Amino acid sequence: MSDLCLDAAGLNCPLPILKTKKILNTMSAGQSLEVIATDPNSLDDFKAFCKASGHTLSSTNQDGEIYRFLIICK
C-alpha cells in the first residue's frame, strides 16, 4: 500500500515524470508513491528518473497497457 497515488493514465512523456517529481518534492523520505501510467515509454522513463533523482523504484507492474510504479521518496 502506498502513501499517495498519482493517476497519470492517458498522459504522455514528459507529463507523468513532471507530475511525479512535483508530488515527490512534497513527500518525506521513506514515503511511497504509486504511479499509474499508460505511456509505453514510461518504464524506461521512470527507471531513468529514479536513477537520476535518487528515489527508489521499488516495483513495476504491467497489466496490458497499464503500468504501475511504486517509488520510495529519498
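Quick note, the sequence shown lines up with residues 0 to 73 if you use numbering that gives the first Met the number 0.
Glycine included, each C-beta is placed from N, C-alpha and C at the ideal position.
Keep in mind it's a predicted model, so treat the numbers as computed, not measured.
Alpha-carbon to alpha-carbon, residue j and residue i
i	j	result
Ile65	Ala51	24 Å
Ala8	Ala36	4 Å
Asp43	Pro15	12 Å
Ala28	Thr19	15 Å
Gln61	Asn40	12 Å
Asp38	Gly63	12 Å
Sequence-distant residues of its chain with Cβ nearer than 6 Å to residue i (five each side left out)
i	result
Ser58	Leu69
Asp6	Ile35
Met26	Cys72
Cβ shell of residue i (< 7 Å), same chain only, five flanking positions each side left out
i	result
Ser1	Ser31, Leu32, Glu33, Leu69
Leu56	Phe45, Lys46, Cys49, Phe68, Ile70
8 Å Cβ cutoff met for residue i and residue j
i	j	result
Ile22	Leu3	yes
Where residue i falls: helix, strand or coil (DSSP)
i	result
Asp43	helix
Cys49	helix
Thr25	coil
Leu10	coil
Thr55	strand
Contacting residues, own chain, Cβ-Cβ under 8 Å from residue i (five flanking each side not counted)
i	result
Gly53	Lys73
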